[in-house]
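Okay, so the sequence shown: first residue is 14 according to the working numbering, each after it adds one.
Cβ coordinates follow ideal geometry from the N, Cα and C atoms, glycine included.
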Amino acid sequence: MRTYPATLEILPLLKSVDAVVSVPGSKSITNRALVLAALGSRWTPCQLTGVLQSEDTEVMVDCLAKLGFGLAWIGDTVLIVGTNNSGRL
């Protein structure tokens with residue numbers, strides 16, 4: 014078990030920070046973004062980048078395809094094109 018100090022001094026930064034940070038992927042956030050992008054793709058195609066590839070997200074992509082959405086998965090990017098069913102799922 015890890016032990017932590019009772020107190021921790023936090024010093025203010027002496028200058029501003031200019032950084033780019035990549036955070037780990039999240040299946041839950043990816044699946045939510047896929048659903049929202051699919052719903053939004055009724056009017057224009059939606060492109061998601063940084064999509065986490067996991068069994069859960071692959072199942073979601075498969076489900077969206079079965080609902081009639083056009084999907085293309087290239088690397089960590091998914092392009093979603095709306096359905097041709099007058100907006101009805």
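DSSP three-state assignment for residue i, whether helix, strand or coil
{"i": "ILE23", "result": "coil"}
{"i": "LEU92", "result": "strand"}
{"i": "LEU77", "result": "helix"}
{"i": "THR70", "result": "helix"}
Neighbourhood of residue i by C-beta, 6 Å cutoff - its chain only, sequence neighbours within 5 removed
{"i": "GLY1", "result": "Look at the range of the chain in this structure, 14 to 102, and you will see that residue 1 is not part of it."}
{"i": "SER67", "result": "LYS40"}
Segment limits, beta strand (DSSP E) that includes residue i
{"i": "GLY83", "result": "83-87"}
{"i": "THR62", "result": "59-62"}
8 Å Cβ cutoff met for residue i and residue j
{"i": "ASN44", "j": "THR62", "result": "no"}
{"i": "ALA85", "j": "LEU92", "result": "yes"}
{"i": "ASP89", "j": "VAL64", "result": "yes"}
Endpoints, alpha helix (DSSP H) assigned at residue i
{"i": "ASP31", "result": "Where ASP31 is concerned, there is no enclosing alpha helix (DSSP H), given that its DSSP letter is neither H nor E."}
{"i": "ARG45", "result": "40-53"}
Close beta carbons around residue i, own chain, < 7 Å, minus the five adjacent residues each side
{"i": "ALA46", "result": "LEU61"}
{"i": "VAL48", "result": "none"}
{"i": "LEU24", "result": "none"}
Residue i Cβ short of 7 Å to the ligand MG heavy atom set
{"i": "PRO58", "result": "For the structure depicted, the ligand MG is absent and the ligand set is empty, with no information on it obtainable."}
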